[in-house]
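Asker: Have a look at this one.
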Amino acid sequence: MNPVTLEIKDGVARVALNRPQQLNAISSELLSALDAVCDAIEKGDEARVVTLTGNGRVFCAGADLKVVQEAAPDPVRWREFMSQWRRVFDRVERLPRPVIAGVHGLALAGGLELVLVCDLVIADAEARLGDQHANFGLLAGGGGSQRLPRVVGPRRAKELMLLGGWLSADQALAWGLVNRVAPAGKLADALDDMARALVEKSVGASRAAKALVNRALDVDLATGLDLEAAEASRHMRGPDAAEGLAAFVGKRTPVFWKR
-8 MNPVTLEIKD GVARVALNRP QQLNAISSEL LSALDAVCDA IEKGDEARVV TLTGNGRVFC
52 AGADLKVVQE AAPDPVRWRE FMSQWRRVFD RVERLPRPVI AGVHGLALAG GLELVLVCDL
112 VIADAEARLG DQHANFGLLA GGGGSQRLPR VVGPRRAKEL MLLGGWLSAD QALAWGLVNR
172 VAPAGKLADA LDDMARALVE KSVGASRAAK ALVNRALDVD LATGLDLEAA EASRHMRGPD
232 AAEGLAAFVG KRTPVFWKR
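Per the working numbering, the very first residue in the sequence shown carries number -8; after that it's consecutive.
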């Protein structure tokens, strides 16, 4: 069974974690498959937006504990596993397409860290998100300690990480951890609606906006403004900006993609 599946149709790359019997726990094989999926999306031009979901009862329950128990005593093996994890998660975060996470059931520990590398998040009303490392004397190693405070702020990040608690979908929405909450059982519909809206946007503008926002918290304001000015100048000389301006003047909807 392929641990990650990919289907591209109508401009949407639908990626699904596919280890339902293991609650989509993250293993080296899953990371390799996710890396290959990123490669396929980057090399092709059909996908304009990516959705990331999990098959089975949950989105992702975190790292595969069997792998953790086997690798942790061996410094070399552990370093290799975590290096692979970081490289693949970084790649998801940098994909030149918007990535929407669709969370149902649980997004726990490493599953929460996977949510954090996505651009937009929709949660099923009955979903729960949390970092339970502290409950077992463990520590987040997949980027949680660095990305979580950038999303929810340091105090809320410490609350979640030090107490090892859960957030309901509504709490996650209030914290800014998710963008929208879908009615129970309607997550797929909500994902499709958002994906269709993004498909109609300019790929170039979406790519540039994503890259600029990702850099915004890592540089000082002056540097960020310089980056924005340079990117805007480049983009305004391209075909999508020309089409957008022509559509505005002509009082019509711009067409950035012809099926």
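Beta carbons are placed, not taken as given, at the ideal position from N, Cα and C, and that holds for glycine.
Out of curiosity, what's the CA-to-CA distance linking residue 10 and residue 196?
Answerer: Their backbone Cα atoms lie some 35 Å apart in a straight line.
Asker: Return yes when the Cβ of residue -3 is within less than 7 Å of the Cβ of residue 6, no when it is not.
Answerer: Taking 7 Å as the Cβ cut-off, residue 6 and residue -3 qualify as a contacting pair.
Asker: Considering just the uninterrupted stretch of the alpha helix (DSSP H) at residue 261, what are its terminal residues?
Answerer: With the chain represented from -8 up to 250, any question about residue 261 goes unanswered, as that position is not in the structure.
Asker: Got a sec? Which residues, its chain only, sit under 7 Å from residue 115 by beta carbon, not counting five neighbours each side?
Answerer: 94, 95, 160, 173, 175, 178.
Asker: Throw me the rounded Cβ distance for the residue 54 and residue 100 pair, which I believe falls under 8 Å.
Answerer: About 7 Å; that satisfies the 8 Å criterion.
Asker: Assign residue 193 to buried or exposed, taking buried as 16 or more other Cβ atoms, counted over all protein chains shown, within 10 Å of its Cβ.
Answerer: The residue is buried, with at least 16 neighbouring Cβ atoms inside 10 Å.
Asker: In three-state terms, what does DSSP make of residue 143?
Answerer: Here residue 143 sits in helix by DSSP.
Asker: Taking residue 121 as the reference, which of 78, 137, 153 has the closest Cα?
Answerer: Checking every option, the nearest Cα to that of residue 121 belongs to 153.
Asker: Three Cβ pairs or more, each shorter than 8 Å: is that satisfied between the region 75 to 91 and the region 217 to 227?
Answerer: With the cut-off at 8 Å, the region 75 to 91 and the region 217 to 227 do not touch.
Asker: Could you have a look at residue 166 and say whether DSSP puts it in helix, strand or coil?
Answerer: Note: residue 166 maps to helix in three-state DSSP.
Asker: Kindly give me the distance between the Cβ atoms of residue 110 and residue 79, rounded to whole angstroms, as I take these residues to be in contact under 8 Å.
Answerer: Actually they do not touch by this definition, with Cβ atoms about 16 Å apart.
Asker: Starting from residue 108, follow the beta strand (DSSP E) in both directions and report where the run begins and ends.
Answerer: From DSSP, residue 108 is part of no beta strand (DSSP E); its letter is neither H nor E.
Asker: Buried or exposed: residue 123, going by 16 or more other Cβ atoms within 10 Å of its Cβ?
Answerer: Buried, since its Cβ has 16 or more Cβ neighbours within 10 Å.
Asker: Which residues mark the beginning and the end of the alpha helix (DSSP H) in which residue 212 is found?
Answerer: That run of the alpha helix (DSSP H) goes 212 to 227.
Asker: What residue range is occupied by the uninterrupted alpha helix (DSSP H) comprising residue 32?
Answerer: Taken as a continuous stretch (DSSP letters only), the alpha helix (DSSP H) holding residue 32 covers 19 to 34.
Asker: Straight-line CA distance for residue 106 to residue 39?
Answerer: Cα to Cα, the separation comes out at about 19 Å.
Asker: Checking 7 Å against the spacing of the C-beta atoms, do residue -5 and residue 25 come in under that value?
Answerer: In contact: residue -5 and residue 25 (Cβ atoms closer than 7 Å).
Asker: Is the beta carbon of residue 143 sitting closer than 7 Å to the one on residue 166?
Answerer: Result yes, Cβ atoms of residue 143 and residue 166 sit closer than 7 Å.
Asker: How close, in whole Å, do the beta carbons of residue 52 and residue 15 come, if the pair is a contact with beta carbons under 8 Å?
Answerer: That belief holds up - the Cβ atoms of residue 52 and residue 15 are roughly 7 Å apart, short of 8 Å.
Asker: Just verifying my parser: in three-state terms, what is the DSSP assignment at residue 158?
Answerer: In the structure shown, residue 158 sits in a strand (DSSP, three-state: E or B).
Asker: What is the DSSP secondary structure of residue 16, counted as helix, strand or coil?
Answerer: Of the three classes helix, strand and coil, the one that applies to residue 16 here is coil, per DSSP.
Asker: Roughly how many angstroms lie between the CA atoms of residue 239 and residue 245, to the nearest whole one?
Answerer: One C-alpha to the other measures close to 8 Å.
Asker: Just curious, the alpha helix (DSSP H) that residue 178 is in, first and last residue?
Answerer: Per DSSP, residue 178 belongs to the alpha helix (DSSP H) from 178 to 190.
Asker: Looking only at its own chain, which residues have a Cβ that is under 6 Å from the Cβ of residue 169, when we skip the five neighbours before and after it?
Answerer: 112, 114, 163, listed in sequence order.
Asker: I'd like to check one pair, residue 226 with residue 199: are the Cβ atoms closer than 7 Å?
Answerer: Yes, they are a contact pair.
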